[in-house]
Every structure is written in structure tokens, then in C-alpha cells.
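Asks: In order, the protein sequences belong to chains W, S and R.
Each residue of the first sequence is one higher than the one before, starting from 110 at the first, in our numbering.
Each residue of the second sequence is one higher than the one before, starting from 27 at the first, in our numbering.
Each residue of the third sequence is one higher than the one before, starting from 80 at the first, in our numbering.
Pasting a structure here, questions to come.
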Amino acid sequence: MAGELSETITLAQAETDLTHEGEGGDAATEADHGAATEQGAATDHGTEAAGHEDAALHEGTEAGGHAAPAVFPPFNPATFGSQILWLALTFGVLYLLMSRFALPRIGEILEVRRDRVEGDLAEADRLRQKTDQAIEAYEQDLADARAKAHGIAESTRDEIRKDLDGQRAKVEADLSKKMAAAEARIQETKTSAMSHVDEIASDTATSLVSQLLGTVPAKSVNSAVSAVIKETQNGN
Amino acid sequence: MADNANPIEPIHQFEISNFFTFGTIGGDGTEGSGVEIAFTNSALFMVLTVLVIAGFLILSTRGRGLVPGRMQLLAEMCYEFIANMVRTSAGTEGMRFFPFVFSLFMFILIANLFGMFPYFFTVTSHLIVAVMLALMVFITVVVYGFMRNGFGFFKLFVPSGIPWYVMWLVVPIEFISFLSRPLSHSLRLFGNILAGHIVLKVFGGMVVALLAAGAWAPLAILPFGMAVALTGLEFLVAALQAFVFAVLTCVYLNDAIHPGH
Amino acid sequence: MPHPSCGQKTSYISTVYNEIGLLDTFSGCLYGARDFEGGAPLFHCGSQRAKFGMAQDDKRAETGDLASRISKAQSERISVRAARALRRNEMTGVGRAFRLASEFIAAIIMGAALGFGLDALFGTRPWFLVALLLLGFAAGVLNVVRATSELNRMTADTAKGVPAVTDDEDD
């Protein structure tokens with residue numbers, strides 16, 4: 110029982126604390142008090158029934174608990190009163206502390222955290238969706254660009270081919286025109302050359318005849334030559 | 027409370043000793059009559075229990091950390107644990123009793139755990155404490171049940187789908203069943219704790235007795251092993267009984283909220 | 080791994096390039112952003128197109144992992160593992176026996192006490208005691224049945240992880 114002194118001191122402190130707090134705890138402990146009085150009535154019965162065994166017990170506890178209790182202590186009605194009182198007091202204080210201070214605070218902490226976590230998760234999901242969209246847009250752009258490049262290449266090729274074809278056609282047309290012109294000129298030259306043949310032939314015949322026979326009238330020579338030409342032409 | 031005088035005596039640990047007596051209320055002035063009011067070792071441990079709970083919960087959440095520390099995490103786990111229990115057993119409306127159930131759970135849990143230390147007094151091993159706690163729940167259920175449902179609360183005693191001619195038998199049975207709730211509620215708590223502590227003490231006493239018996243000393247290992255195993259079991263029981271008490275409180279409160287079966 | 084169409088396109092474009100000498104900045108098909116995690120190129124010309132079209136149906140390959148992680152974190156709440164463990168413990172052996180026994184005995188005691196009180200009140204000893212003792216016995220059986228079904232439901236709920244009571248606010 111050496112430690113009892115120090116315990117009593119801490120106890121006195123605790124008790125003063127408690128009475129302080131207890132003042133505010135009345136409202137919360139009302140229900141308990143009701144129960145307490147009810148129980149108190151029952152206790153009176155018990156104490157009367159217990160009779161002088163209780164007295165013996167009192168002496169035992171006061172002496173430092175050396176003697177074995179006459180009543181099984183957990184059922185001993187003599188202790189009920191103070192236990193009920195202190196239980197009501199302490200539990201009332203506990204309830205008050207919990208419902209006023211501790212629980213609202215923890216609830217607030219949890220709420221803040223839940224909001225924060227949910228907000229962050231929603232933000233993460235939003236960013237993820239944005240990423241998806243960006244990827245999609247990028248892909249779309251890429252496909253578009255590729256299609257455009259393809260189109261450009263295609264159109265350029267077509268253009269160039271058309272251009273080539275056009276130029277070739279032009280050159281060919283030019284060439285054929287020139288050829289036609291040349292052919293016409295040849296024809297003309299040939300015709301004109303052919304038209305000069307009888308002239309040359311009559312001249313030649315005139316000079317030949319004049320050499321051989323002296324002068325002859327040009328008119329007869331000419332008619333002779335043309336007759337010959339006509340003959341050869343007919344003979345052909 | 028210190029009981030070195032007779033280590034084998036398993037009952038002594040439940041002895042209540044007065045630190046100082048304030049006086050007696052009522053009675054006829056003779057010895058043993060009236061209700062004695064005193065500050066006892068039981069009261070001391072009730073106060074300690076409340077101080078530990080409040081100190082732990084309020085100090086650990088002082089920082090209000092977004093990322094909890096170890097202590098804050100523990101406090102938050104207690105909160106979530108009971109909040110989930112109340113919500114699943116008694117619904118959202120039952121959440122108005124959350125501080126009550128939480129106080130009950132923490133009080134019983136810490137009081138039980140205090141009892142696990144040698145030479146400490148176990149508040150919940152006393153009948154009257156358990157009965158008062160159960161009565162508190164019972165009265166809350168009845169009062170709230172009538173406040174919320176009026177006479178509809180009597181539906182609790184009238185199961186639906188029962189023919190009228192068995193009513194006269196069923197309703198008393200249901201009534202007794204309802205009245206027996208605080209009894210079984212408190213019996214279980216106090217019985218478990220009391221029985222556990224007695225058994226533990228018996229085995230502990232056997233160890234001491236065998237060690238003192240000289241030649242038989244080596245045999246002390248057997249009850250010692252038992253005591254160790256039982257201590258582990260008792261820690262589980264301490265938590266389990268607090269949990270069961272809280273769960274049943276929720277179940278009963280649910281009856282007050284939804285009296286129809 | 081060039082896609083067939085990619086190969087064709089490349090050869091076609093480079094033919095044009097060779098013929099005309101127009102697309103002088105174009106160089107093969109290894110272009111595109113890099114993957115977020117791996118170092119491999121994200122796109123291989125048109126080959127990726129088809130793959131994305133398919134992946135679009137469920138989740139994108141790149142952000143799918145992230146999406147599943149986000150949804151998992153969203154569904155995950157602070158665990159009720161402790162409650163489950165305790166409930167599981169309550170289901171077993173001694174705890175269960177003690178619970179049922181206390182339910183049974185409490186009802187009998189309550190019946191007996193009520194009977195005793197009524198007898199004392201009306202002076203009808205022992206009739207109320209006998210009757211209410213019997214009723215108490217019945218109530219005890221009822222308690223045990225109820226507690227058993229409750230325990231069983233708890234076990235089932237614990238296994239499934241659903242609330243024991245559904246919230247009907249409208250009654």
C-alpha cells in the first residue's frame with residue numbers, strides 16, 4: 110500500500126478537474142441520473158438484505174483489504190452508489206468531450222481529406238481525359254496531314270503530267286504544221302519546175318534547130334515541142 | 027488493490043476500496059444503511075479511462091493533418107470504425123447516436139484494456155457498471171423509440187403476419203425478450219471480463235504457488251503458458267466485448283428507429 | 080514494323096519525290112511523339128490508326144493503366160477490415176456460445192423476475208412466477224433464434240461486405 114499516497118494526490122487532481130468539467134456535463138447526464146435514482150431504489154433493498162455482512166466488509170476494506178470479502182465484490186450493493194455516481198459523471202464528461210470536441214474535429218479532418226482526395230482524383234481523371242483527347246486530336250491532325258500530303262503529291266503529279274502532255278501536243282502540232290508547209294513548198298517547187306520544162310525544151314529545140322537548119326520560126330518550134338510533150342504525157 | 031498478501035485469491039482484484047468517503051445519502055444513520063458515496067479505485071479508473079480517451083483523441087488530432095500521423099491515424103480509424111458500424115447497423119438516422127455509441131465503445135474498450143495491466147482495477151468487471159451502461163442504452167432506445175414513433179413503437183412487440191389468436195402469447199414473449207435485452211447486454215460484457223480475469227488470476231496464482239513449492243517449481247511452466255495464452259485471449263476479448271456491446275447498441279437503436287419487424 | 084500501306088505510301092511518295100523533286104523535306108515515316116513511359120515511337124505512320132480505333136472501345140493503351148488506377152482509388156474507402164476481423168472472431172466458438180447463452184439466460188431471469196414481482200404485487204404466489212418463467216423460457220428461445228440468424232446474416236454480410244441494414248428513410 111506504499112503507492113497509495115501518490116495515487117491519492119493524482120487522484121485529488123483528477124477529481125478537481127472532473128468537478129470542473131462536471132458542471133457543464135449536467136445536461137448530458139440527465140438520462141443517467143434518472144437511471145441512477147431508479148437503481149438507487151433497488152439498491153436500498155439490497156443493502157437491507159445484506160445486513161451486517163456489509164458492516165464486516167466495511168471493516169475489511171478500511172483495514173486495507175486483508176480479509177476476504179464476505180460478498181462477492183462485483184455484486185456488492187454497498188459499492189453501487191458511488192460506482193453509479195462516478196460512472197454517470199465520467200461517462201457524461203466523456204460523452205460531452207466526444208460530441209463537442211473530439212468527434213467533430215475528426216469528422217472535419219476526414220471530410221476535408223475526403224474532399225481533397227476526391228477532388229484530386231477527379232482532377233486526375235479530367236487530365237487523363239484531356240490527354241486522351243489531345244492524343245486523338247494529334248492523331249487526327251496527323252492523318253489529315255498525311256492525307257493532305259498525299260493529295261498534294263497526287264495533284265502535283267497530275268499537273269505536271271498535264272503540262273507535259275500539253276507541251277508535247279503543242280510541239281507535235283507545230284511540227285506537223287511545218288511538215289505540211291514543207292510538203293506544200295516542195296509540191297509548189299515541183300509544179301513550178303514542171304511548168305518550166307516545155308519552155309526549156311522549146312528553147313533547147315529552137316537553138317538545136319537553128320544550129321542545124323538555120324533560123325526557123327519560133328512558132329512552129331513551140332508547137333512541135335508541145336506536141337511532143339503532149340505525146341509523152343499521153344504515152345505515160 | 028495491491029493484493030500481494032494472498033496471490034492465489036482470484037476474487038480480491040475486484041475489491042473496491044474507498045480513497046475517501048464523502049458521506050452517505052439516505053438511510054437511518056446506522057452502519058450499513060443508505061448509499062455510501064466515496065471516491066474509490068473504481069472511480070479512479072473511470073476518470074483515468076476518460077482522461078486517456080479524451081487526451082488521446084484531442085491531442086492526436088491537434089495538428090489536423092491532411093496526411094495523418096500515426097496517432098491521428100489511430101484516432102481516425104476508431105472514428106471510421108464506429109461510424110461504419112452505426113451506419114451499417116442503424117442506418118443514416120442512427121448516426122445521431124454516433125457520439126453515444128462512440129463514447130460507449132471507447133469507454134468499454136479502454137476500461138477493459140486498463141484491466142489487462144496487473145494491479146489495475148477493471149471497471150467493467152463490476153455488475154453495476156455493465157448494468158448501468160446497458161440501462162443507458164435501453165432507456166435511450168425506449169425514450170427515442172416513443173419520441174420518434176409514438177405508440178407505433180409498440181409494433182416492436184407485435185410481429186407482422188401473426189394471426190390474432192396467438193397474439194396473447196407472442197406479445198408477452200416479445201415483451202420479455204425486449205426487457206431481457208439490457209440484462210443480456212450487460213451480462214455478456216461483465217461476465218466475459220469477470221470470468222476472464224478470474225481464470226487469468228487462477229493460473230497466475232498457480233504459477234506463484236508452484237514456484238513457492240520448491241520441488242514442484244519446474245511444473246510452473248504449465249500454468250504460466252496457459253496464463254500467457256489467456257492473456258492474449260483476454261486482449262482479444264477486451265476489444266471484442268467493447269465491439270459487441272457497441273454493435274448490439276446499434277441493433278437496439280435500429281429497433282427504436284424502425285420498430286416494425 | 081512498317082505497315083503494308085505505309086510501305087506502299089512511302090514508295091509512292093518517294094517515287095514522286097524522285098521524279099519531281101518537290102517534297103524535298105519529306106523523309107520516310109519514322110515520326111511522331113514518344114510514348115509516355117517507354118522510349119519507343121508512339122506512331123508508326125498509319126499502322127497506329129487501326130490499333131487506336133480498336134483500343135478506343137475500352138480504354139486507351141497509354142492512359143488505360145492510369146484510368147484503372149484512378150477508378151480503383153475512387154472506389155477505395157478507408158477499410159472496414161478491423162470490423163470484419165472482429166465480426167469473424169465473434170462468429171467463432173466461445174464468443175458465439177457466450178452470446179447465445181446470455182440471450183437465453185437473460186430472458187429466463189427477466190421472466191422469473193417479472194413473475195416474482197407480479198406475485199408480490201398481487202399476492203398470487205406462485206402462479207405468475209410459473210407462467211412468466213415459461214414465457215421467459217420461450218422468450219429465451221426466441222432470443223437465441225434471433226441472435227443466431229443475426230450472427231449468420233452478419234457472417235454473410237461480412238463475406239459480401241454489404242451493409243446489414245438497408246436505409247429506408249421513407250417509412
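Even glycine gets a Cβ: it sits at the ideal position worked out from N, Cα and C.
Since the model is a prediction, treat every value here as computed from it, not as a measurement.
Buried or exposed for tyrosine 191 of chain S, going by 16 or more other Cβ atoms inside 10 Å?
Replies: exposed
Asks: Check whether the Cβ atoms of leucine 236 of chain S and leucine 226 of chain S lie closer than 9 Å to each other.
Replies: no
Asks: Is it buried or exposed for serine 335 of chain W, if we count other Cβ within 10 angstroms and need 16 for buried?
Replies: Flag for serine 335 of chain W reads exposed.
Asks: The beta strand (DSSP E) with asparagine 44 of chain S in it runs from where to where?
Replies: 44-51
Asks: Taking isoleucine 63 of chain S and leucine 194 of chain W to be in contact with their CB atoms under 8 Å, please state how far apart those CB atoms are, rounded to whole angstroms.
Replies: Between isoleucine 63 of chain S and leucine 194 of chain W, the beta carbon gap of about 6 Å places them in contact (Cβ cut-off 8 Å).
Asks: Flag arginine 178 of chain R as yes if its beta-carbon sits less than 9 Å from any beta-carbon of chain S, otherwise no.
Replies: When Cβ-Cβ separations below 9 Å define contact, arginine 178 of chain R makes contact with chain S.
Asks: Valine 149 of chain S: buried (16+ other C-beta within 10 angstroms of its C-beta) or exposed?
Replies: buried
Asks: My understanding is that tyrosine 278 of chain S touches arginine 207 of chain S, with C-beta atoms under 8 Å, so please give their C-beta distance in whole angstroms.
Replies: That pair is a contact at about 6 Å.
Asks: Spell out a yes or no on whether the region 76-93 of chain S and the region 211-222 of chain W are touching, meaning 3 or more CB-CB pairs, one atom from each, closer than 8 Å.
Replies: In this structure the region 76-93 of chain S touches the region 211-222 of chain W; the number of beta carbon pairs closer than 8 Å is three or more.
Asks: Does the Cβ-Cβ distance between methionine 183 of chain S and phenylalanine 201 of chain S come in under 9 Å?
Replies: The question names methionine, but residue 183 of chain S is phenylalanine in the sequence shown. Yes, Cβ-Cβ distance for phenylalanine 183 of chain S and phenylalanine 201 of chain S is below 9 Å.
Asks: Would you report the Cα separation of glycine 228 of chain S and alanine 253 of chain S, rounded to the nearest angstrom?
Replies: The sequence as given places valine at residue 228 of chain S; glycine does not occur at that position. If you take the alpha carbons of valine 228 of chain S and alanine 253 of chain S, they lie about 9 Å apart.
Asks: Let me know the secondary structure DSSP gives threonine 244 of chain W once reduced to three states.
Replies: Note that residue 244 of chain W is isoleucine in the sequence shown here, rather than threonine. Note: isoleucine 244 of chain W maps to helix in three-state DSSP.
Asks: Residues of the region 214-235 of chain S with a CB closer than 8 Å to any CB of chain R: list them in chain order, please.
Replies: Arg214, Gly217, Asn218
Asks: List the residues of chain R that proline 94 of chain S touches, going by C-beta distances under 8 Å, in chain order.
Replies: Here the premise fails: no neighbours, minimum Cβ distance about 11 Å.
Asks: Run down chain R in chain order and give the residues with a C-beta less than 7 Å from the C-beta of arginine 237 of chain W.
Replies: Going along chain R in sequence order, the residues near arginine 237 of chain W (Cβ under 7 Å) are Thr142, Leu145, Ala146, Ile149.
Asks: Can you list, in chain order, the residues of its chain with a C-beta nearer than 6 Å to that of phenylalanine 258 of chain W? Leave out the 5 residues immediately preceding and following it.
Replies: Checking the sequence, you will find alanine at residue 258 of chain W rather than phenylalanine. Excluding positions up to five away in sequence, the list is empty.
Asks: State yes or no: is the C-beta of glycine 190 of chain R within less than 9 Å of the C-beta of leucine 212 of chain R?
Replies: yes
Asks: Do you know how far the Cα of arginine 277 of chain W is from the Cα of leucine 284 of chain W?
Replies: 10 Å
Asks: I'd like to know if serine 151 of chain S contacts chain W, where contact means its C-beta is closer than 9 Å to some C-beta of that chain.
Replies: yes
Asks: Under 9 Å between C-beta atoms, does proline 33 of chain S make it to chain W?
Replies: Low confidence applies here, because proline 33 of chain S scores a pLDDT of 49, under 50, leaving its location unreliable; read the following figure in that light. No, proline 33 of chain S does not count as interfacial toward chain W.
Asks: When the Cα atoms are used, what is the spatial distance from glutamine 242 of chain W to alanine 152 of chain R?
Replies: Cα to Cα, glutamine 242 of chain W sits roughly 22 Å from alanine 152 of chain R.
Asks: Can you tell me whether phenylalanine 164 of chain S is helix, strand or coil according to DSSP?
Replies: helix
Asks: Three or more beta-carbon pairs under 8 Å between the region 162-171 of chain S and the region 93-101 of chain S, yes or no?
Replies: no
Asks: For a contact meaning CB atoms closer than 7 Å, what does asparagine 231 of chain R contact in chain S?
Replies: The contacting residues do not exist; asparagine 231 of chain R stays about 14 Å from chain S at best.
Asks: Is there at least one Cβ from chain W nearer than 9 Å to alanine 152 of chain R's Cβ?
Replies: Nearest CB-CB separation between alanine 152 of chain R and chain W: below the 9 Å threshold.
Asks: In this structure, how does DSSP classify valine 273 of chain S when only helix, strand and coil are distinguished?
Replies: helix
Asks: Does the Cβ-Cβ distance between glycine 117 of chain S and histidine 284 of chain S come in under 9 Å?
Replies: yes
Asks: Out of curiosity, what's the CA-to-CA distance linking alanine 243 of chain S and threonine 257 of chain S?
Replies: 21 Å
Asks: Can you name the residues of chain R whose CB is closer than 8 Å to the CB of aspartate 274 of chain W?
Replies: Ordered by position in chain R, no residue passes the 8 Å Cβ test against aspartate 274 of chain W, which lies about 15 Å from the chain.
Asks: Find the residues of chain S that neighbour glycine 190 of chain R, judging by a C-beta separation of less than 7 Å, and give them in chain order.
Replies: Listed by position along chain S, the residues whose Cβ is nearer than 7 Å to that of glycine 190 of chain R are Ile202.
Asks: What in chain R is Cβ-close to threonine 240 of chain W, meaning under 7 Å?
Replies: Thr142
Asks: At a Cβ threshold of 9 Å, is serine 181 of chain R touching chain S?
Replies: yes
Asks: Hey, is the region 292-306 of chain W in contact with the region 326-333 of chain W, meaning 3+ C-beta pairs nearer than 8 Å?
Replies: no
Asks: Give me, in chain order, the residues of the same chain whose beta-carbon lies closer than 6 Å to that of leucine 208 of chain R; leave out the 5 immediate sequence neighbours on both sides.
Replies: If we look at leucine 208 of chain R and ignore the five residues flanking it on each side, its Cβ neighbours are Gly194, Phe195, Asp198.
Asks: If we count the other Cβ atoms within 10 Å of its Cβ and call it buried at 16 or more, is lysine 182 of chain R buried or exposed?
Replies: The question names lysine, but residue 182 of chain R in the sequence shown is glutamate. That one is buried.
Asks: To the nearest angstrom, how far is it from the Cα of alanine 233 of chain W to the Cα of arginine 113 of chain S?
Replies: If I take the Cα positions, the gap works out to 30 Å.
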